[in-house]
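Position in the sequence shown counted from 1, then plus 1, gives you my numbering.
Report on the following structure.
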Amino acid sequence: MTEEETAQPTDQALAAAESEAATEAVAEAAMKPRKAAKSTRTTTGSSAASARPRSVSPAGSPTPDGTVRADHVELKQGGAARIEATSVTLTQGGASRINARDVSISQGGAGLVRTETLRLGTGSSAGAVLAGRAELAKGSRIMVLVARQTSGDVRPILDWRGVLALVGGIVLLRRLLGALRRA
2 MTEEETAQPT DQALAAAESE AATEAVAEAA MKPRKAAKST RTTTGSSAAS ARPRSVSPAG
62 SPTPDGTVRA DHVELKQGGA ARIEATSVTL TQGGASRINA RDVSISQGGA GLVRTETLRL
122 GTGSSAGAVL AGRAELAKGS RIMVLVARQT SGDVRPILDW RGVLALVGGI VLLRRLLGAL
182 RRA
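Dropping the structure here:
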């Protein structure tokens, strides 16, 4: 073999081959049907309408109720009506309802959260939380908190005793009003 036969390809030849391979791969991928697959879903600057999970339906197809379902959901500057996942991370975003094992909210908010572990960062808020363990940073706000274990700056507007007192008062008021109507 001569030196010319074993010469390395030029940069131009490599670039042309890579470009051709990429074009063929795109054309081939366009021909194949999409299949649903378990995946991690990350959205940035979007709402639940565009944050459709691939784990329950083919990519790009909407869910009827706007629920995001995946193993891990990460929302940055976005929002969702409902989230059902193993872990959820919200950064400058929000959700109406979250049902997950681990939830972390940073400068965001959630209406109703049901989780094993909640981390509420500075500037974050939650309406009602049912958690096994809640870690609240200074400057976070929470309205109703029911948790086995809490740490950090915990100042809920209503804790479990307040909720029981409120529910008891509402029940008593309804019974009194019912008795007055019958009389």
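C-beta atoms are modelled at their ideal positions from N, C-alpha and C, and glycine is treated no differently.
Since the model is a prediction, treat every value here as computed from it, not as a measurement.
- ARG149: not part of any alpha helix (DSSP H); member of the beta strand (DSSP E) spanning 142 to 153, first to last residue.
- Counting only runs of at least 3 residues, the region 74 to 132 fully encloses the following beta strand (DSSP E) elements, listed from N- to C-terminal order: 80 to 92, 95 to 107 and 110 to 121.
- Only residues of its own chain outside the window of five on either side were considered, and among them none has a CB closer than 6 Å to the CB of ARG182.
- Following the DSSP letters along the chain, one finds GLY67 in no alpha helix (DSSP H), marked with neither H nor E.
- Between LEU137 and LEU121 the beta-carbon gap is near 5 Å, inside 8 Å, which marks them as a contact.
- Rounded to the nearest whole angstrom, the C-alpha separation of MET144 and LEU178 is 28 Å.
- Note that the C-beta distance between LEU119 and ALA129 is not below 8 Å.
- The criterion of a C-beta distance shorter than 8 Å is satisfied by THR123 and LYS139.
- Rounded to whole angstroms, ILE171 and ALA148 show a C-alpha spacing of 23 Å.
- In the DSSP assignment, LEU159 falls outside any alpha helix (DSSP H), carrying neither H nor E.
- Contact check for ARG102 against THR87 passes: the beta carbons are separated by less than 8 Å.
- Per the DSSP secondary-structure output, ALA14 pairs with nothing in a beta bridge.
- Annotated three-state conformation of ALA135 is strand, per DSSP.
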